[in-house]
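Below is one structure, written out as structure tokens; comments come after it.
Numbering (the working numbering), first residue to last: 887 to 1022.
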């Protein structure tokens, strides 16, 4: 299973605190281990993703089924062990990839993290996800 979480803005009650997303991803992994988890604005994927469109990144935050140490991903604001893999975030704060609140620095941080994760070989391609054995 590949899990792609898309969001359109802050939750009216819970906001955008990173701990909410961390807990959501942990619950999904406990329910059914995915091959990859990515959370980013659709416009980030369409216009700012620094890799080939066939390769998944994580955008703002996500989970990869590999153990990574913070020293391996200095671009990550968060790098924590989670359920046999690693929870990662490009920054602690929620950010926008388009519109009047577009945050170019946040986009650059997400791109740098996606490029590092790709260099480490921990980002899957569409073909690898379709095969169903990524990260096993």
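Ideal placement from N, C-alpha and C gives every residue a C-beta, glycine not left out. All of these numbers come straight from a predicted model, not from anything done at the bench.
Check whether residue i and residue j have beta carbons under 7 Å apart
i	j	result
residue 911	residue 929	no
residue 949	residue 983	no
residue 945	residue 925	yes
residue 963	residue 977	yes
residue 908	residue 1009	no
residue 915	residue 969	yes
residue 951	residue 965	no
Run of the beta strand (DSSP E) containing residue i, from where it starts to where it stops
i	result
residue 899	Note, residue 899: premise wrong, no beta strand (DSSP E); not H, not E.
Opening and closing residue of the alpha helix (DSSP H) in which residue i lies
i	result
residue 962	Note, residue 962: premise wrong, no alpha helix (DSSP H); not H, not E.
residue 1023	This structure leaves residue 1023 out entirely; the chain is present only between 887 and 1022.
Bridge partner(s) assigned by DSSP for residue i
i	result
residue 967	972
residue 949	923 and 973
residue 884	Nothing can be reported for residue 884, as the shown portion of the chain is limited to 887 through 1022.
Under the three-state DSSP convention, the category residue i falls into
i	result
residue 1002	helix
residue 1022	coil
residue 980	coil
Integer Cβ distance of residue i from residue j, believed to fall under 8 Å
i	j	result
residue 1015	residue 921	6 Å
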